[in-house]
Amino acid sequence: MKADIIQELSDAIGSQKVLVDDALQDRYHHIWHMDQPLRALALTLPESTAEVSVIMKICNSYEQPVVVHGGLTNLVGSTETASNELVISLERMVQIEEVDERSRTLTAEAGVILEHVQEKAKEHGLLFPLNFGAKGSAQIGGAIATNAGGLRVLRYGMTRNLVLGLEAVLADGTVISSMKKIVKDNSAYDVKQLFIGSEGTLGIITRAVLKLVEAPNSRTSAFVGINEYDHVVEFLRYMDAGLAGTLSGFELIWKTCYQGLTTDPSPSRPPLPYDYNYYVLLEGLGSDAEKDQKRLEDLLEKALINGMIQDAAIAYSESDLNWFWSIRENVDSVVHKCTFDQHFDISLPIPLIGAQIAAMTQKLEMVEGVEHIFAFGHVADGNIHFIIGKENDGDALRLKINDIIYGPLQDIGGSVSAEHGIGLHKKAYLELCRTSEEIQLMNHLKRSLDPKNLLNRGKVLDI
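All letters in the sequence shown, in the order written, are residues 9 to 471 by my numbering.
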């Protein structure tokens, strides 16, 4: 069977686009695991939706399971493969087909790097607001497939809020295409929403029409030190109201994590001393640089006087902006402090975050084998990240840590995945944040769209 399907794929899209055996040795399933050669039947390199469709028609006829690869930055095992699976890599689908300034849209293939989308929009005086640390590697198709969040959800929403049109290939090779540039379309079901956030289990996203906004004329930012979590929440509301709708980012970093992000091997120095329990990094995108800067200064001065905050450092230059945000985005600097690391991406009701993270941290500190606990996240949308450093990568320690962090979430209305997805690693915990009826409906959708269970088999759901 292997020889037959490889030959048929080679005949259909060209043998140079079908990699097997030794050609896979330089391939991997994640950018953090480049020392582990890819295990796969073969890897295909389509250059168009039509070629993805042909590949899936052949795979459907052979009942060949498939895993889609993009920028390989996924953190929940969605790009892991087995030796009998075929990989479809979208790395050659890199065309930005159009920037329509009048519609304020950008049309791109799924393999385009997020940062390239941002740069192209900027060339036209526009902004694609989606932004996160892996923007230089992550592809737009993967961002859509995971409904990525990032640093500006507070103002612009998740990825699904930025997708107007979509093209996807189903498991049998059928192409579903609705590449419209319109914002409003209530003509029955919004089919594209099935694929956004489905992690490649319902279809392969190949093209998209993305929503752009006017580029801001000003960008203000500050690092703020706060000692009480209740004051963090109060400060969020205060700044959101005071900045009159221009607040676009409000990141919270716990003290231990702030220290980790600003000490070796991090190249960044701390803008504030290590004297506070919480550090807020905020961003405002506005229209008048001078007025916006003055407004920020006035708001921070009043917050200092009334005791809401304890300290603040304001960015006064592009260099300062890059310095401040490189601290938040350079998560690798704390990962490198860990012998082994375990990542979490949870959602919590905003008022409960302080007490819940404190309780989780206290329990984690008592676990033998836990070396570091780094907490940070997008507090304005309730999304907190944990990076746990540990002395070994054994199942017993991993499961103990999972239980501490995931255990409380069901009772408080939280989620085990705020933006990274479920994939392989969180599948066992899906029932903590979705009802049995919801999971049953998901299973029904999966069986309807992928009856042979070819797409990302074993990820998200057990079918």
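Note that CB positions come from ideal geometry on N, CA and C, so glycine has one too.
Item, Value
"Presumed contact (8 angstroms Cβ cut-off) between tyrosine 237 and glycine 362, rounded CB distance", "3 angstroms"
"Test item: CB-CB of lysine 172 and threonine 113 under 8 angstroms", "It should be pointed out that residue 172 corresponds to leucine in this sequence rather than to lysine. Yes, these two residues count as a Cβ contact at 8 angstroms."
"Nearest-angstrom Cα separation, counted from threonine 271 out to arginine 277", "7 angstroms"
"Neighbour-count burial assignment, valine 191, 16 or more Cβ in a 10 Å radius", "exposed"
"C-alpha distance - alanine 252 paired with alanine 176, whole-angstrom precision", "39 angstroms"
"Three-state secondary structure assigned by DSSP to phenylalanine 243", "helix"
"C-alpha gap between valine 74 and alanine 90, whole angstroms", "10 angstroms"
"Reduced DSSP secondary structure (H/G/I, E/B, other) of valine 26", "strand"
"Residue closest to serine 355, alpha-carbon to alpha-carbon, out of Ser325, Gln418, Ser256, Val183", "Gln418"
"Alpha-carbon to alpha-carbon, histidine 38 and alanine 436", "21 angstroms"
"Assigned exposure category for histidine 31 - 16 Cβ within 10 Å defines buried", "For clarity, residue 31 is alanine in the given sequence; the question names histidine instead. Label assigned to alanine 31: exposed."
"Three-pair Cβ contact test at 8 angstroms for the region 316–326 versus the region 361–375", "no"
"Extent of the continuous beta strand (DSSP E) to which tyrosine 266 belongs", "That residue, tyrosine 266, is in no beta strand (DSSP E); its alpha helix (DSSP H) goes 263–269."
"Whole-number beta carbon distance between leucine 438 and isoleucine 430, since they are thought to touch under 8 angstroms", "6 angstroms"
"Serine 229 - containing alpha helix (DSSP H), residue span", "It is not in any alpha helix (DSSP H) - serine 229 instead sits in the beta strand (DSSP E) that spans 226–234."
"Serine 86 to lysine 299 span [Cα, whole Å]", "45 angstroms"
"Nearest-angstrom Cα separation, counted from alanine 58 out to phenylalanine 384", "42 angstroms"
"Start-to-end residues for the alpha helix (DSSP H) that takes in leucine 307", "297–313"
"Buried or exposed (CB count within 10 angstroms, at least 16 for buried), histidine 344", "exposed"
"Integer-rounded CB distance, given that phenylalanine 258 should sit under 8 angstroms from leucine 280", "In fact, because the Cβ distance is near 16 angstroms, the residues do not count as touching under 8 angstroms."
"Span of the beta strand (DSSP E), counted from its first residue to its last, around tyrosine 287", "286–294"
"Expected contact under 8 angstroms - CB spacing of proline 54 and lysine 25 to nearest Å", "7 angstroms"
"Distance, tyrosine 286 Cα to glycine 422 Cα", "22 angstroms"
"Alanine 252, DSSP secondary structure in three states", "coil"
"Counted within 10 angstroms of its Cβ, other Cβ atoms place glutamate 337 as buried (16 or more) or exposed", "buried"
"Continuous alpha helix (DSSP H) stretch holding leucine 68: start and end", "For the record, residue 68 in the displayed sequence is asparagine; it is not leucine. From DSSP, the alpha helix (DSSP H) with asparagine 68 extends over 57–70."
"Three-way DSSP call (helix, strand, coil) for leucine 432 in this model", "coil"
"Span of the alpha helix (DSSP H) around isoleucine 204", "Counting along the chain, isoleucine 204 falls outside any alpha helix (DSSP H), and DSSP gives it neither H nor E."
"Collapsed DSSP secondary structure at aspartate 4 in the structure displayed", "The first residue shown for the chain is 9 and the last is 471, placing residue 4 beyond what the model contains."
"Same chain, Cβ closer than 6 angstroms to glycine 364, five either side skipped, listed in chain order", "Contrary to the premise, residue 364 reads as glutamine rather than glycine in this sequence. Taken in chain order, the residues that qualify are Leu356."
"Neighbourhood of histidine 239 by C-beta, 6 angstroms cutoff - its chain only, sequence neighbours within 5 removed", "Met316"
"Distance between arginine 47 and arginine 35 (C-alpha atoms, nearest Å)", "9 angstroms"
"Stretch pair the region 202–221 + the region 162–171: three plus CB contacts closer than 8 angstroms", "yes"
"Selected residue, minimal CA-CA separation from serine 229, among Met450, Lys302, Val424", "Lys302"
"Contact under 8 angstroms by Cβ, threonine 254 with glycine 294", "yes"
"Spatial distance of lysine 10 from leucine 49 (CA atoms)", "7 angstroms"
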